[in-house]
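Student: In our numbering, the protein residues as written are 1023 to 1365. By construction, the Cβ of each residue, glycine as well, lies at the ideal position given by its N, Cα and C atoms. These figures come from a predicted structure and were not determined experimentally. Pasting a structure below so you can have a look.
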């Protein structure tokens, strides 16, 4: 699932930098892109939370020793924060990109998740579900602080420390509230690997929420899902319905992949290397997109076929590159750096 998550992230980011000409919100191609986009970040945050939970549980099995905490947490916080700044610079707004150098993002979210991972690792699954629910409903609690009226470039900028912490915690691209819910979901997934009944129960719960969201959309005459704006499901900011419904789809994806692994319908071993390089690919693909964004400044949008061809070619290219990397230089990556710093 880690490989699929990072490939989805590459696809949606590429589509955002190279949007085709003449595609409206109602176009089938826009629907496909939105489906990938809506699942990319939840999958990425969930599988990252899953990996951190497993790592923290193993490291802190004998207790929360302060030295072990520093040795495990500090490298992750420093590397993830540094990578976030690097990503922001690679796709800087002044060069046709999307970020300011100081923009909090998904990697700063994961850095904060790493700080609390040793504590999360000691909770029972029932406590984790309760914690997930609290984070998931926070959009209802923060109200107008969620930044629903912010434009994209207001959302990625901050005039001073106070606004920066607001972006980090409640109204940035991936604020702690409610995105910690998806990180916690990764811990729930790790704890429920032998409990299919719990996983199916979560899927059923998501199904009820999905049905309720559709009824609400029809009754109120509002859009069901939009990236931002007046809709039941929104990504910026992430709505309560968005969190619960993407949770359902994350668990459905897990069940499908688990069934495939058990039955051997499709051999997906060729993408496994990508899953071992999620952070490395995440950073490097922004270097490619930064060049593309700079080149496209002042240029007309691409036609549909060239835009989609480039988008999917860029996405799929990371599969053979990851396999070549694992064959020839597996110890040269950000993941390997983290392992060395943590030992």
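In whole angstroms, what is the alpha-carbon distance linking residue 1238 and residue 1254?
Tutor: 8 angstroms
Student: Straight-line CA distance for residue 1296 to residue 1097?
Tutor: Distance between the alpha carbons of residue 1296 and residue 1097: 22 angstroms.
Student: Return helix, strand or coil for residue 1254, following the three-state DSSP convention.
Tutor: strand
Student: Could you pull out every residue in the same chain whose Cβ sits closer than 6 angstroms to the Cβ of residue 1303, ignoring the five residues on either side in sequence?
Tutor: 1028, 1340
Student: Of the residues 1106, 1133, 1132, 1131, which one's Cα is nearest the Cα of residue 1120?
Tutor: 1106
Student: In the DSSP assignment, find the unbroken beta strand (DSSP E) run with residue 1246 in it and report its ends.
Tutor: 1245–1248
Student: Going by DSSP, what residues sit across from residue 1114 in a beta bridge?
Tutor: 1121
Student: Per DSSP, what kind of secondary structure is residue 1185 in: helix, strand or coil?
Tutor: In the displayed model, residue 1185 falls within a helix according to three-state DSSP.
Student: For a test of your reading of the model: does the CB of residue 1165 fall under 7 angstroms from any non-hydrogen atom of the ligand SAH? Yes or no.
Tutor: Absent from the structure shown: the ligand SAH. Ligands present: none.
Student: Give the secondary structure of residue 1357 by DSSP, where H, G and I count as helix, E and B as strand, and everything else as coil.
Tutor: In the structure shown, residue 1357 sits in a helix (DSSP, three-state: H, G or I).
Student: With distances taken between CB atoms, is the gap from residue 1131 to residue 1198 smaller than 8 angstroms?
Tutor: yes
Student: Can you tell which of 1333, 1298, 1213, 1125 has its C-alpha closest to the C-alpha of residue 1142?
Tutor: Measuring C-alpha to C-alpha distances from residue 1142 to each of 1333, 1298, 1213, 1125 identifies 1213 as the nearest.
Student: Find the nearest neighbour of residue 1222 within the set 1277, 1260, 1268, 1187, judged by alpha-carbon distance.
Tutor: 1277
Student: Spatial neighbours of residue 1153 within its chain, please: CB distance less than 6 angstroms, with the 5 preceding and 5 following residues excluded, ordered by chain position.
Tutor: Around residue 1153: 1206.
Student: Do you know how far the Cα of residue 1078 is from the Cα of residue 1322?
Tutor: Straight-line spacing of the CA atoms in residue 1322 and residue 1078 works out to 48 angstroms.
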